[in-house]
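Okay, structure first, notes after.
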Amino acid sequence: MLGVVLLVATLWSLTAGQYPLSFDDQWHYLVQALGGETPLDAARSRLIGLVLFDIRAPRLAAAILIGAALSTSGAAFQSMFVNPLVSPGLLGVLAGASFGAALGMLAGANWLVVQACAFAGGIVAVGLALALARSCQGDRLLLLILGGVISTALFTALLAAVKYVADPTNQLPAITYWLMGGLSRADSGTMLRAAPVFCLGMAGLFLLSRQLDLLSLGDEQAKSLGLEVGRVRLGLIAIATVLCAGTVSIAGLVGWVGLIIPHAGRMLVGPANRTLLPTTALLGGVYLLLVDDVSRLTFGVEIPLGILTALVGIPFFPLVLGNARKPWGK
Numbered sequence: 001m002l003g004v005v006l007l008v009a010t011l012w013s014l015t016a017g018q019y020p021l022s023f024d025d026q027w028h029y030l031v032q033a034l035g036g037e038t039p040l041d042a043a044r045s046r047l048i049g050l051v052l053f054d055i056r057a058p059r060l061a062a063a064i065l066i067g068a069a070l071s072t073s074g075a076a077f078q079s080m081f082v083n084p085l086v087s088p089g090l091l092g093v094l095a096g097a098s099f100g101a102a103l104g105m106l107a108g109a110n111w112l113v114v115q116a117c118a119f120a121g122g123i124v125a126v127g128l129a130l131a132l133a134r135s136c137q138g139d140r141l142l143l144l145i146l147g148g149v150i151s152t153a154l155f156t157a158l159l160a161a162v163k164y165v166a167d168p169t170n171q172l173p174a175i176t177y178w179l180m181g182g183l184s185r186a187d188s189g190t191m192l193r194a195a196p197v198f199c200l201g202m203a204g205l206f207l208l209s210r211q212l213d214l215l216s217l218g219d220e221q222a223k224s225l226g227l228e229v230g231r232v233r234l235g236l237i238a239i240a241t242v243l244c245a246g247t248v249s250i251a252g253l254v255g256w257v258g259l260i261i262p263h264a265g266r267m268l269v270g271p272a273n274r275t276l277l278p279t280t281a282l283l284g285g286v287y288l289l290l291v292d293d294v295s296r297l298t299f300g301v302e303i304p305l306g307i308l309t310a311l312v313g314i315p316f317f318p319l320v321l322g323n324a325r326k327p328w329g330k
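No gaps in the numbering here: position 249 of the sequence shown is 249 in the UniProt record's numbering, and each next residue is one more.
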């Protein structure tokens, strides 16, 4: 059912925009591309192809994949840490990626280098959190959370330093606007590079769904059932980090998706990750696709995604807090 909703939302989103394209236009273009006869002249056919494949399709693909990646990462983290209030940015990946991108913008690098800096910054931030957790003795989950707090604080401070020294005329507005989140820079080249990473990462989480269910029982019980807790947790963190760093490198900071959508998934299919993760991926894709439609169509100017996801997510937070009072998995 969710797959059908996603398909319908995608087809509708392809038609909507500053240059409207009807379903007839798209059908005629497809028939013409396959060698058939249509009423389209050559100029209009080229224009439809440009709008569909150079502008809208990459953006829609980015919305679907980023929404799915953030949602599945959030669901995986919530199961792994046995905490419904956990989000994908827990270990500092979002702060690190934001700092990396801002540093690239400060250096005046081209967009591909900025994306690489964002990706690398997210990896380094999580690596720091893991190193801090490993350097201390105690409860492993608690140490990971504390390591994430320290890493997030450090890279948030570094980001503030970059913004402080940035040129207030050009660089600072660009950094600030990018940090609000948006898909305006999602082009076909970017998505051809990113789509395999997102798909493989989410497939990895799906394959580890049984291990996630065991981790949600607690470390001791998971170990007694034969699970190599440390290795599995490290693998899950690595996959989720790659997914989240990838989302920031393309769209900036898009908050609340990884916190709210997993709860909607649990309300639909329950806590078993075998069904929860695919459901969450579809929900996240539909959600961010529709939010992006609102962003680019409703107000006459494009509203940053981070603003809209916060405005939508905050009213649902009391529901999240209510679920947090229940035993995990109930």
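No residue lacks a Cβ here, since even glycine has one placed at the ideal position from N, Cα and C.
query = Helix, strand or coil: which one does DSSP assign to D213?
reply = helix
message = In this structure, how does DSSP classify W178 when only helix, strand and coil are distinguished?
response = Assignment of W178 by DSSP, reduced to helix, strand and coil, places it in the helix class.
query = Do L205 and L141 have their C-beta atoms closer together than 8 Å?
reply = no
message = For P315 and V291, I'd like the C-alpha separation in whole angstroms.
response = 15 Å
ask   = What number of angstroms, rounded off, separates the C-alpha of L297 from the C-alpha of Q18?
value = 8 Å
Contacting residues, own chain, Cβ-Cβ under 7 Å from I307 (five flanking each side not counted) = For I307, where only same-chain residues beyond five positions count, the Cβ hits under 7 Å are M180.
message = Let me make sure I understand the geometry here. Which of G67, D41, D24 has the alpha-carbon closest to that of M202?
response = G67
ask   = Counting along the chain, where does the alpha helix (DSSP H) carrying L208 start and finish?
value = Here L208 belongs to no alpha helix (DSSP H), and DSSP marks it neither H nor E.
key: Spatially closest choice to P318 from S79, P84, L50, by CA coordinates   = P84
task = Mark residue 365 as exposed unless 16 or more other C-beta atoms lie within 10 angstroms of its C-beta, in which case mark it buried.
result = Past the edges of the chain, shown from 1 to 330, lies residue 365, and the structure says nothing about it.
ask   = Going by the beta-carbon positions, is the gap between L259 and G74 smaller than 8 Å?
value = yes
Local Cβ density within 10 Å of W12, reported as buried at 16 or more and exposed below that = exposed
key: Proximity to A264 [Cα-Cα], best of E302, G313, I250   = Checking every option, the nearest Cα to that of A264 belongs to G313.
ask   = Is the Cβ-Cβ distance between V229 and L207 less than 8 Å?
value = no
key: Span of the alpha helix (DSSP H), counted from its first residue to its last, around A133   = 111-134
query = From M1 to T10, what distance separates their C-alpha atoms?
reply = 14 Å
inquiry  = My output table needs one value for Q137: the three-state DSSP class, helix, strand or coil.
reply    = coil
request  = Measure from the alpha carbon of L192 to the alpha carbon of each residue in V114, P58, D139, L289, then state which is nearest.
outcome  = With distances taken between Cα atoms, L192 lies closest to P58.
key: Which listed residue (I145, M105, G92, Q137) has its alpha carbon closest to that of G122   = Nearest of I145, M105, G92, Q137 to G122, Cα basis: G92.
ask   = Hey, how far is the Cα of L50 from the Cα of G100?
value = Rounded to the nearest angstrom, the two C-alpha atoms are 32 Å apart.
Residues near L106 by beta carbon distance below 8 Å, same chain, minus five either side = V162, V165, A166, Q171, I175
Per-residue burial, M267 [other beta carbons within 10 Å of its own, 16 or more giving buried] = exposed
key: Helix, strand or coil at I303 according to DSSP, with G and I counted as helix   = coil
ask   = Under 8 Å between the Cβ atoms of V5 and V301?
value = no
task = Under 7 Å Cβ to Cβ from V149, same chain only, skipping five residues before and after it: list those, please.
result = Taken in chain order, the list of residues that qualify is empty.
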